[in-house]
Amino acid sequence: GNFSPSLYLGATLGGAFAAAVGVALPHAGLTLPSAAIVGMAAMVGAGTGGVMTAIIMVFEMTRDYAIIVPVIVAVAVAAGVRRALIGDTIYTIKLRHRGHRIPSERHINLYNVKQAQDVMERRFILAESGATLRAALGPEDVEDTRPIVVARQGRILGVVPPRSGLWVESRERPDTPIDRFVEPCVLCRDEDLLSLVLARLKRHRSGAAIVFAGTKRPHAADVVGVVTKRAVADAVIEGYGE
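Using the numbering used here, the letters of the sequence shown correspond one by one to residues 27 to 268.
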């Protein structure tokens, strides 16, 4: 492990520092036990990156208010020196050597904790399998910005993503069946987290997720929206501040 060696090295260096100071300044009042405790906190805080953890841990073990200020100063200095020499901790340096990138941002992607109903597109078209483009889109649809959910007798078959050129296709070949443009999709509940929806999309290599309400087996009548790539992109953009 890494934690116990950090305590040992910190206590050893702290004790050695106190012994050296005692020889140079006999009346400094620096004792070996106190210096060893301060050294443990400094080594743990600097090595692991857990500065506050090291300070609180030492205080909980000793209950000694007299060493709190020296501990805080020593941990802060040790952490600053370590960051000046190397940016990784004893934990992240192993991952970096294995090729794993560790982000240094101190925020989380809040869009991942949103629910599907917060991200989905609520405007969609529900078409029956076998219907033509003319019947599915209708004369009032002058642009193909809405996803189309295709079903057969209430059973969901797939989805036609938005902006797929259907409007032009419906004007040139209006009798083309809508089934030719259906793409596979995944199903999710309206209360599912977006992180789960994205994981499901990746696992099934799909570009859209049909959102339904309720806990029973989903049917076409239960569809309340569609999570598309466009909707996910909007959620990601909204999740970042200026």
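All C-beta atoms, glycine included, are put in the ideal place defined by N, C-alpha and C.
{"query": "Counting only runs of 3+ residues fully inside the stretch 192-264, write out the beta strand (DSSP E) ranges in chain order.", "result": "212-215, 234-238, 249-254"}
{"query": "Skipping 5 residues on each side, what residues in its chain have a beta carbon closer than 7 angstroms to that of G240?", "result": "D248"}
{"query": "Starting from G180 and walking both ways along the alpha helix (DSSP H), at which residues does that stretch end?", "result": "Run containing G180: none; DSSP gives neither H nor E here."}
{"query": "What does DSSP give as the partner residues of A153 in its beta bridges?", "result": "V176"}
{"query": "Helix, strand or coil, according to DSSP, for T158 in the structure here?", "result": "strand"}
{"query": "Alpha carbon to alpha carbon, what distance is there between A142 and D218?", "result": "6 angstroms"}
{"query": "Do A246 and C214 have their CB atoms nearer than 9 angstroms?", "result": "no"}
{"query": "Answer with buried or exposed for I182, where buried requires no fewer than 16 other C-beta atoms within 10 angstroms of its C-beta.", "result": "buried"}
{"query": "Go through its chain and collect everything with a Cβ distance to V139's Cβ below 8 angstroms, but skip five positions before and after it.", "result": "L219, L220, S221"}
{"query": "Might you give, ordered along the chain, the residues of its own chain that have their beta carbon closer than 8 angstroms to the beta carbon of T88, omitting 5 neighbours on each side?", "result": "I63"}
{"query": "Looking at C-alpha atoms only, which residue of H123, R124, P187 is the closest neighbour of L152?", "result": "P187"}
{"query": "Between R148 and V176, what straight-line distance do the alpha-carbon atoms span, to the nearest angstrom?", "result": "16 angstroms"}
{"query": "Does the stretch 54-74 come close enough to the stretch 108-120 that 3 or more CB-CB pairs lie under 8 angstroms?", "result": "yes"}
{"query": "Over what stretch of residues does the alpha helix (DSSP H) that includes G75 continue unbroken?", "result": "Here G75 belongs to no alpha helix (DSSP H), and DSSP marks it neither H nor E."}
{"query": "Can you give me the Cβ contacts of A162 inside the same chain, cut-off strictly under 7 angstroms, excluding the 5 residues immediately before and after it?", "result": "I151, A153, I174, I204"}
{"query": "Would you mind working out which of A68, R243, G180, V49 sits nearest S155, comparing C-alpha positions?", "result": "G180"}
{"query": "Could you tell me the distance, in whole angstroms, from the CA atom of M66 to the CA atom of H123?", "result": "26 angstroms"}
{"query": "Taking only beta-carbon atoms, is G184 less than 9 angstroms away from chain B?", "result": "Of the chains in the structure shown, none is chain B; there is only one protein chain."}
{"query": "With a threshold of 6 angstroms on Cβ separation, who are the neighbours of H230 within its own chain once the five nearest residues in sequence on each side are excluded?", "result": "V212"}
{"query": "Measuring only the C-alpha atoms, how far is R109 from V77?", "result": "12 angstroms"}
{"query": "Under 6 angstroms Cβ to Cβ from A157, same chain only, skipping five residues before and after it: list those, please.", "result": "I204"}
{"query": "Rounded to a whole number of angstroms, what is the C-alpha to C-alpha distance between Y34 and P210?", "result": "58 angstroms"}
{"query": "Using the rule of at least 16 other Cβ atoms within 10 Å of the residue's Cβ for burial, across every protein chain shown, is R206 buried or exposed?", "result": "exposed"}
{"query": "Out of G125, P96, D201, which has the shortest C-alpha to C-alpha gap to G40?", "result": "P96"}
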